[in-house]
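These notes concern the structure reproduced below.
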Amino acid sequence: MDEGLIARRYALAMLKVAQKYNAAEEVYQKMKTFEQNYISHPDLHKALLNPILSPRDKEQLLTIAIGIEPGTLYLRGIRLLIKNHREMYIRSICLMYQKLYRKVYQIGRIKIITAVALKQETLDRIKKLVTDRTSRQIEFVEKVDPAIIGGFVLRVNSMQLDYSVGGELKKIAKQLK
1 MDEGLIARRY ALAMLKVAQK YNAAEEVYQK MKTFEQNYIS HPDLHKALLN
51 PILSPRDKEQ LLTIAIGIEP GTLYLRGIRL LIKNHREMYI RSICLMYQKL
101 YRKVYQIGRI KIITAVALKQ ETLDRIKKLV TDRTSRQIEF VEKVDPAIIG
151 GFVLRVNSMQ LDYSVGGELK KIAKQLK
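Just so you know, UniProt numbering puts 34 at position 34 of the sequence shown, and the rest follows in order with no gaps.
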């Protein structure tokens, strides 16, 4: 079965249940925390694929991985995934839940990628520029990627503005070919 389809079905079901219990935002915040912890611990995915681990061990692993008090809805979701042998899709489901949540609650997402960390006053100015021009709620994500060498890459939902040195060098290399 298609991983994207599985992730979408589970994430949509999770969102509906969370909305029913007025906990959609709480689950959203936990999904963001879980994703950050999942990325910072690459061995977690390997552990989930380990057939030797019991369902109870996998549940405990995923409960610890969130890094905060999991809550009833999170535990119910984890148990369902493990019962249906879908724990290997947890990151995809987590990402899809976040995407669906932002769509339903009309939250724009802006990702700023720079070669070095920006000063807080610079970030605040960028945030103010963007929020002044829209009525939507905006979520900012900052990332440092030395590979872009200098400048910045700005991603607004599905659009990308690449004003990085690395991006310009790639354009020049492509033209020279």
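All residues carry an ideal CB built from backbone N, CA and C; glycine is no exception.
Only a predicted model underlies this, so the values are computations on that prediction, with no experimental measurement involved.
Please confirm whether residue i and residue j have their CB atoms less than 7 Å apart.
i    : j    : result
A23  : L73  : yes
R8   : M96  : yes
T63  : P55  : no
L15  : L100 : yes
I149 : G166 : yes
Please work out which residues of its chain come closer than 8 Å, Cβ to Cβ, to residue i, disregarding the five sequence neighbours upstream and downstream, and give them in chain order.
i           : result
Y163        : G151, F152, V153, L154
V144        : I113, T114, A115, V116, A117
A65         : F34, N37, Y38, H41, L44
residue 179 : The structure shown has nothing for residue 179, since the chain only spans 1 to 177.
When the Cα of residue i is compared with those of the options, which residue comes out closest?
i    : options          : result
K119 : Q137, E142, R102 : E142
G77  : R133, S135, V27  : V27
Assign residue i to one of two classes, buried (16 or more other C-beta atoms within 10 Å of its C-beta) or exposed (fewer than that).
i    : result
A18  : buried
K174 : exposed
L81  : buried
Under a three-way DSSP split, which group does residue i fall into?
i    : result
D162 : strand
V144 : strand
I93  : helix
R109 : strand
R86  : coil
Might you give, ordered along the chain, the residues of its own chain that have their beta carbon closer than 7 Å to the beta carbon of residue i, omitting 5 neighbours on each side?
i    : result
V130 : I110, I138
M31  : C94, Y97, Q98
G67  : T33, N37
Please go through the same chain and pick out, in chain order, the residues whose beta-carbon is closer than 6 Å to the beta-carbon of residue i, but skip the five residues on each side of it.
i    : result
V156 : I110
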